[in-house]
Amino acid sequence: MIGRGPHPTEERPMLARAFFNRDSGTMRTLGEKDVERALVRAFQSKGHAITVSFVAGPDLEDAIRAAVSEKPDAIIVGGGDGTVSSSAALLADTGIALGIVPLGTMNLFARTLGLPLELDAAADALASGQRRDADLAMANGRPFIHQLSLGLQPRMVRLRERAGAYASKGGKILASARALGLVLRRPPSLDLVLVADGKERRLETPGIVVSNNPYGSGHLPYADRPATGLLGVYDVTSDRWGDLAQLAAEIVLGTWQGDANVEMTTAHQVTISAGPSQQSSAQATVDGELVRVEFPLAISKRPAALKVLAPDQS
67 MIGRGPHPTE ERPMLARAFF NRDSGTMRTL GEKDVERALV RAFQSKGHAI TVSFVAGPDL
127 EDAIRAAVSE KPDAIIVGGG DGTVSSSAAL LADTGIALGI VPLGTMNLFA RTLGLPLELD
187 AAADALASGQ RRDADLAMAN GRPFIHQLSL GLQPRMVRLR ERAGAYASKG GKILASARAL
247 GLVLRRPPSL DLVLVADGKE RRLETPGIVV SNNPYGSGHL PYADRPATGL LGVYDVTSDR
307 WGDLAQLAAE IVLGTWQGDA NVEMTTAHQV TISAGPSQQS SAQATVDGEL VRVEFPLAIS
367 KRPAALKVLA PDQS
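Numbering-wise, this note's numbering comes out as the position in the sequence shown, counting from 1, plus 66.
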């Protein structure tokens, strides 16, 4: 018999719902039949039940919200960090586990959970995965699961979007690289006051990132653990082209944490306010999505607010 409560264990089967944006370029490449086949095969092989739905992008959140009311054990979403972020906000404090099929460009939160990036392997990992706690961070009331960024990254995303649509993941990466080159030549300048757990610092920086959990080392900027109870704070202290170009290369290589031009700290609570020459609002990226935020920007933690499906870590 299929269990329908919110707390599946290894001793009993799981009931899962899966949702995919049929309008995404990655979905068109993979094909709906192959995606459904991979998930059904993996979950049924472990004795679980799963229903897979493909919906239009604008309808995805409504479909997930409706599924929450049915109280399955897990809701699986296919997408990148933006899709995962909005899904996590809907599942927070419900006890329903979030599962991720990584279909984005970077898939940074999926990497935090140790999920494979290939479809069949990801399906197997979810079907045999364990429930784990994950933190959410809040920025002026808006939840995020990976990071909030001011300065360099939002400008890069804005320039990339101005360049027009891209037909593939490779096209998006190329457009991002071109936009980054433009930003490094003319970096933004932010005048900010940072207060981290009561300690105040004045910043003149081209970019600052606050992450939901502190980043690990030796790889791209993503956390190694999803539930530390801490925020990571990373501000860039140089606006020289050479320093910024070196940092960009180090981020790709995973050696950026040794860069002398990055100031790093951790905190439970962060407030970012506008300095005298800073406007009262600024563009930001929140889990990769371009938004506008108002200062002061209050960032806090919701420890273990989310349940996730992740590979067995033993």
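By construction, the Cβ of each residue, glycine as well, lies at the ideal position given by its N, Cα and C atoms.
Cβ neighbours of residue 357 within its own chain (closer than 6 Å, five residues either side excluded): 350. Distances from the CA of residue 311 to each of 219, 164, 247 and 346 were compared; the closest alpha carbon is that of 247. Going by DSSP, residue 271 is part of the beta strand (DSSP E) stretching over 265 to 271. Taking one beta carbon from each stretch, the region 211 to 225 and the region 274 to 290 have 3 or more pairs nearer than 8 Å; the two touch.
Secondary structure of residue 97 (DSSP, three-state): coil. Between residue 117 and residue 306, the alpha-carbon positions lie close to 52 Å from each other. Of the candidates 194, 325 and 220, 220 places its Cα closest to the Cα of residue 348.
Around the beta-carbon of residue 251, fewer than 16 other beta-carbon atoms lie within 10 Å, marking it exposed.
With a cutoff of 7 Å on beta-carbon distance, residue 120 and residue 150 are scored as not near each other. Partner residues in the beta bridge of residue 330, as assigned by DSSP, are 300. A distance below 7 Å separates the beta carbons of residue 197 and residue 373.
When C-alpha distances from residue 96 are compared across 108, 287, 184 and 173, the shortest belongs to 184.
Taking the CA atoms as reference points, residue 342 sits about 36 Å from residue 319. Residue 112 places its beta carbon less than 7 Å from that of residue 194. Leaving aside the five residues that flank residue 254 on each side, the residues in its chain whose CB is nearer than 6 Å to its CB run, in chain order, 217, 221 and 272. Contact check for residue 296 against residue 337 fails: the beta carbons are separated by 7 Å or more. Every beta strand (DSSP E) stretch that sits fully inside the region 98 to 130 and reaches 3 residues is listed by chain position as 115 to 121. With distances taken between CA atoms, residue 155 lies nearest to 201 out of 282, 201 and 171. Per the DSSP secondary-structure output, residue 147 pairs with nothing in a beta bridge. DSSP, read as helix, strand or coil, puts residue 171 in coil. Excluding residues up to 5 positions away in sequence, 185 lie with their Cβ nearer than 8 Å to the Cβ of residue 100 in the same chain.
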